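S.K.: Residue numbers (the working numbering), protein chains in the order written: chain A, 1 to 307; chain B, 308 to 426.
#1: Residue 83 (chain A) and residue 8 (chain A): beta carbons closer than 7 angstroms?
#2: Given a limit of 9 angstroms on CB to CB distance, which residues of the stretch 181-200 of chain A reach chain B?
#3: Can you list the residues of chain B that residue 264 (chain A) reaches, using a CB-CB cut of under 8 angstroms?
#4: Among A:147, A:132, A:127 and A:134, which residue has its Cα nearest to the Cα of residue 110 (chain A)?
#5: Does DSSP put residue 285 (chain A) in a helix, a strand or coil?
#6: When Cβ atoms are compared, which residues of the stretch 24-35 of chain A fall closer than 9 angstroms to chain B?
#7: Beta-carbon of residue 313 (chain B) versus every beta-carbon of chain A: anything under 7 angstroms?
#8: Check whether the stretch 36-45 of chain A touches the stretch 137-146 of chain A, counting contact only when three or more Cβ pairs, one atom from each stretch, lie closer than 8 angstroms.
#9: Would you tell me roughly how many angstroms separate the C-alpha atoms of residue 138 (chain A) and residue 120 (chain A), rounded to the nearest one?
#10: Give me the chain A residues within the contact set of residue 431 (chain B), using Cβ-Cβ distance strictly less than 7 angstroms, ordered along the chain.
#11: Classify residue 204 (chain A) as buried or exposed, calling it buried when 16 or more other Cβ atoms lie within 10 Å of its own Cβ.
#12: Find the nearest neighbour of residue 333 (chain B) within the set B:354, B:309 and B:377, judged by alpha-carbon distance.
#13: I believe residue 230 (chain A) touches residue 271 (chain A) by the beta-carbon criterion, under 8 angstroms. Please report the beta-carbon distance rounded to the nearest angstrom.
#14: Between residue 406 (chain B) and chain A, is there a C-beta pair that is closer than 7 angstroms?
#15: Taking only beta-carbon positions, decide if residue 219 (chain A) is within less than 7 angstroms of chain B.
#16: Let me make sure I understand the geometry here. Which of A:52, A:258, A:90 and A:97 has the alpha-carbon closest to that of residue 77 (chain A)?
#17: Note down, in chain order, every chain A residue with its Cβ under 9 angstroms from the Cβ of residue 348 (chain B).
#18: Give me the chain B residues within the contact set of residue 42 (chain A), using Cβ-Cβ distance strictly less than 9 angstroms, ordered along the chain.
#19: If you measure from the beta carbon of residue 323 (chain B) to each beta carbon in chain A, is any gap under 7 angstroms?
#20: List the endpoints of the continuous beta strand (DSSP E) containing residue 80 (chain A).
#21: Here's the rule: buried if 16 or more other CB atoms are within 10 angstroms of the residue's CB, otherwise exposed. What is residue 383 (chain B)?
#22: Once DSSP output is grouped into helix, strand and coil, what is the label at residue 2 (chain A)?
#23: I'd like the span of the alpha helix (DSSP H) that includes residue 274 (chain A), first residue to last.
#24: Answer with buried or exposed for residue 107 (chain A), where buried requires no fewer than 16 other C-beta atoms within 10 angstroms of its C-beta.
#25: Rounded to the nearest angstrom, how far is the Cβ of residue 427 (chain B) from that of residue 337 (chain B), given a contact under 8 angstroms?
#26: If you drop the 5 nearest sequence neighbours on each side, which residues of the same chain put their C-beta closer than 8 angstroms to that of residue 415 (chain B)?
#27: Can you pull the chain A residues whose beta carbon is under 7 angstroms from the beta carbon of residue 319 (chain B), in chain order?
#28: Quick one: what does DSSP say residue 267 (chain A) is sitting in, helix, strand or coil?
#29: In the DSSP output, what is residue 61 (chain A) paired with across the bridge?
#30: If you compare alpha carbons, which of A:278, A:222, A:286 and A:253 is closest to residue 263 (chain A)?
#31: Taking the alpha-carbon positions, what's the residue 346 (chain B) to residue 407 (chain B) distance?
#32: How many Å lie between residue 90 (chain A) and residue 155 (chain A) at the Cα?
#33: With distance defined between alpha-carbon atoms, name the residue in A:278, A:141, A:210 and A:150 nearest to residue 192 (chain A).
#34: Report the start-end ranges of each alpha helix (DSSP H) in the stretch 73-137 of chain A that is 4 residues or longer and not cut off at the edges.
#35: Compare the C-beta of residue 375 (chain B) against all C-beta atoms of chain A and say whether one is closer than 7 angstroms.
#36: Give, in chain order, every residue of the stretch 356-381 of chain B whose Cβ lies closer than 7 angstroms to some Cβ of chain A.
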């Protein structure tokens with residue numbers, strides 16, 4: 001269980017915007033990470049820094065124990081599939097696949113061809129003539145068949161329909177099982193990937209809000225509804241994130257350590273308890289109130305706030 | 308998988324259910340972690356955690372290099388444990404709802420008896 005990536009106090013400032021604000025974390029070998037956060041939270045900037053496509057303002061980056069900039073030994077082990085990948089004009093699908101085969105030491109040509117069939121990619125077609133969805137599929141084929149020890153997928157499914165996305169998830173899981181590697185999946189479609197990811201990195205306005213085992217997060221946020229008095233009583237066991245009122249009835253979203261006992265408590269208070277999905281949790285934690293992240297109750301957020 | 312509960316617990320429960328209803332026989336081989344991951348479309352590490360939970364509590368045992376198997380006597384043990392949970396999971400909410408509707412214990416017992424006869 002060694003660290004593939006270690007980042008310390010990483011900061012990236014553009015003229016007026018702080019895209020990343022003293023972010024520290026590490027990625028453990030052979031895990032699937034979900035890199036989550038709203039638009040503009042800093043996800044892409046972070047991946048650009050880790051893959052040496054951008055310069056940090058300050059802070060330390062170590063990838064495979066070395067600095068990634070102009071470091072062929074590091075970069076040949078990284079695959080970064082971007083949301084809007086552009087290719088040199090004049091290239092056909094087969095050229096892109098051939099070029100990828102030259103770049104990545106772990107490239108599996110037979111697998112690449114099989115995936116290209118799965119996604120029905122026309123080999124002869126010019127890349128510029130591909131539809132948005134086909135272009136995404138080509139990125140996915142390259143990302144999977146490269147078998148890079150560190151693979152980033154940044155919103156890789158623009159224009160892909162639900163069927164193709166499911167194909168992507170299934171092939172990702174199958175190939176990861178056969179060939180374990182570190183995968184970072186940056187996505188808005190949290191519900192679709194929540195069962196695939198082992199670890200969650202949640203970024204909000206340039207700060208790392210969560211760095212946790214996805215399983216630990218499940219069941220940590222619940223929504224209780226019922227008589228106000230009962231809701232008031234229940235929320236004392238956690239941190240209230242959100243509340244709406246309707247007459248004498250309240251619905252509150254609460255974060256805490258909720259196991260089976262909490263369900264019993266809710267029931268005995270006459271409340272309905274509903275567990276939140278990973279997506280709900282992320283929405284609740286990154287929806288700002290009074291300019292502060294609503295996740296202030298979390299240990300991570302507290303740690304961040306006191307820095 | 309269902310939201311809001313750790314997936315590894317759900318995997319463990321699914322395997323327990325299969326043992327309880329006999330789908331997985333005692334001394335029978337349990338699907339591999341990878342098979343479970345592919346079938347349920349979950350992370351293999353999570354599937355492994357679910358299986359390991361059952362190994363830890365003695366429901367499953369490992370045959371080195373072959374796989375996981377159901378421990379003899381696991382079914383009876385699981386049944387005992389589930390019976391203990393039955394009251395908490397089913398009887399208590401039943402009583403809570405009954406109280407809300409003003410149904411007393413005697414009336415509730417009569418209802419159960421009548422229901423039983425109708426079945």
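By construction, the Cβ of each residue, glycine as well, lies at the ideal position given by its N, Cα and C atoms.
Model, not experiment: these values are computed from the prediction.
M.R.: On the basis of the data shown:
#1: Sequence index remark: in the first chain, residue 83 (chain A) carries index 83 (1-based). Sequence index remark: in the first chain, residue 8 (chain A) carries index 8 (1-based). Residue 83 (chain A) is not a Cβ neighbour of residue 8 (chain A), given a cutoff of 7 angstroms.
#2: Close to chain B, meaning a Cβ-Cβ distance shorter than 9 angstroms, are the following residues of the stretch 181-200 of chain A: 191, 194, 195, 196, 197 and 198.
#3: Residue numbering aside, residue 264 (chain A) sits at position 264 when the first chain is read from its first letter. The contacting residues are 395 and 399.
#4: By one-based count along the first chain, residue 110 (chain A) stands at place 110. Among A:147, A:132, A:127 and A:134, the Cα nearest to that of residue 110 (chain A) belongs to A:147.
#5: Residue 285 (chain A) sits at position 285 when you count from the first residue of the first chain. Residue 285 (chain A) falls in the helix class under three-state DSSP.
#6: Contacts with chain B (Cβ-Cβ distance below 9 angstroms) from the stretch 24-35 of chain A involve 30, 31 and 32, listed in chain order.
#7: As a first step, residue 313 (chain B) must be located in the second chain, where it is residue number 6. Chain A contact via Cβ: present.
#8: Not touching, per the Cβ criterion.
#9: Here residue 138 (chain A) corresponds to residue number 138 of the first chain, with the count starting at 1. Here residue 120 (chain A) corresponds to residue number 120 of the first chain, with the count starting at 1. Their backbone Cα atoms lie some 10 angstroms apart in a straight line.
#10: In the structure displayed, chain B extends from 308 to 426; residue 431 (chain B) sits before or after that span and is not available.
#11: Reading the first chain from its first residue, position 204 is the one you call residue 204 (chain A). Counting Cβ neighbours within 10 Å, residue 204 (chain A) comes out buried, since at least 16 surround it.
#12: Mapped onto the second chain, residue 333 (chain B) falls at position 26. Measuring from the Cα of residue 333 (chain B), the nearest candidate turns out to be B:377.
#13: As a first step, residue 230 (chain A) must be located in the first chain, where it is residue number 230. As a first step, residue 271 (chain A) must be located in the first chain, where it is residue number 271. In this structure residue 230 (chain A) is in contact with residue 271 (chain A), their Cβ atoms being roughly 5 angstroms apart against a cut-off of 8 angstroms.
#14: The residue labelled residue 406 (chain B) in the question sits at position 99 within the second chain. Not one chain A Cβ lies under 7 angstroms of residue 406 (chain B).
#15: For this step, residue 219 (chain A) is matched to residue 219 along the first chain. Contact with chain B is found for residue 219 (chain A), since one of that chain's Cβ atoms lies less than 7 angstroms from the residue's Cβ.
#16: Here residue 77 (chain A) refers to the residue found at position 77 when the first chain is read from its first residue. The residue from A:52, A:258, A:90 and A:97 with its alpha-carbon nearest to that of residue 77 (chain A) is A:52.
#17: Stepping through the second chain from its first residue, residue 348 (chain B) is reached at position 41. Residues of chain A passing the Cβ test: 166, 169, 170, 173, 195 and 196.
#18: Translated into the one-based positions of the first chain, residue 42 (chain A) becomes position 42. What residue 42 (chain A) touches in chain B: nothing, since even the nearest Cβ is about 25 angstroms away.
#19: Along the second chain, read from residue 1 onward, the residue named residue 323 (chain B) stands at position 16. No, its Cβ sits nowhere closer than 7 angstroms to a Cβ of chain A.
#20: Translated into positions along the first chain, residue 80 (chain A) becomes position 80. Per DSSP, residue 80 (chain A) belongs to the beta strand (DSSP E) from 78-81.
#21: The residue given as residue 383 (chain B) occupies position 76 in the second chain. In the assembly as shown, residue 383 (chain B) is an exposed residue. Its beta-carbon has fewer than 16 other beta-carbons within 10 Å.
#22: The sequence position of residue 2 (chain A) within the first chain is 2, counting from 1. DSSP, read as helix, strand or coil, puts residue 2 (chain A) in coil.
#23: Mapped onto the first chain, residue 274 (chain A) falls at position 274. For residue 274 (chain A), no alpha helix (DSSP H) encloses it; the enclosing beta strand (DSSP E) starts and ends at 272-275.
#24: By one-based count along the first chain, residue 107 (chain A) stands at place 107. The residue in question, residue 107 (chain A), is buried, as its Cβ has 16 or more Cβ neighbours within 10 Å.
#25: Since the first residue of chain B shown is 308 and the last is 426, residue 427 (chain B) is not available in this structure.
#26: Walking along the second chain from the start, residue 415 (chain B) turns up at place 108. Within the same chain, and ignoring the five residues on either side of residue 415 (chain B) in sequence, the residues whose Cβ sits closer than 8 angstroms to its Cβ are 401, 402 and 405.
#27: Residue numbering aside, residue 319 (chain B) sits at position 12 when the second chain is read from its first letter. In chain order: nothing, as chain A lies at least about 12 angstroms away.
#28: As a first step, residue 267 (chain A) is located in the first chain; it is residue number 267 there, counting from the start. Residue state, collapsed to three classes: helix.
#29: One-based indexing of the first chain puts residue 61 (chain A) at position 61. According to DSSP, residue 61 (chain A) bridges with A:7.
#30: In the first chain, residue 263 (chain A) corresponds to position 263, counting from 1. Residue 263 (chain A) has its Cα closest to that of A:222, out of A:278, A:222, A:286 and A:253.
#31: As a working note, residue 346 (chain B) is residue 39 in the second chain. As a working note, residue 407 (chain B) is residue 100 in the second chain. Residue 346 (chain B) and residue 407 (chain B) have their C-alpha atoms roughly 42 angstroms apart.
#32: Here residue 90 (chain A) refers to the residue found at position 90 of the first chain. Here residue 155 (chain A) refers to the residue found at position 155 of the first chain. One C-alpha to the other measures close to 25 angstroms.
#33: As a first step, residue 192 (chain A) must be located in the first chain, where it is residue number 192. Of A:278, A:141, A:210 and A:150, the residue nearest in Cα terms is A:278.
#34: Within the stretch 73-137 of chain A, the complete alpha helix (DSSP H) runs of at least 4 residues are 93-103 and 109-118.
#35: Here residue 375 (chain B) refers to the residue found at position 68 of the second chain. At a cut-off of 7 angstroms between beta-carbon atoms, residue 375 (chain B) makes no contact with chain A.
#36: The stretch 356-381 of chain B vs chain A, Cβ under 7 angstroms: nothing.
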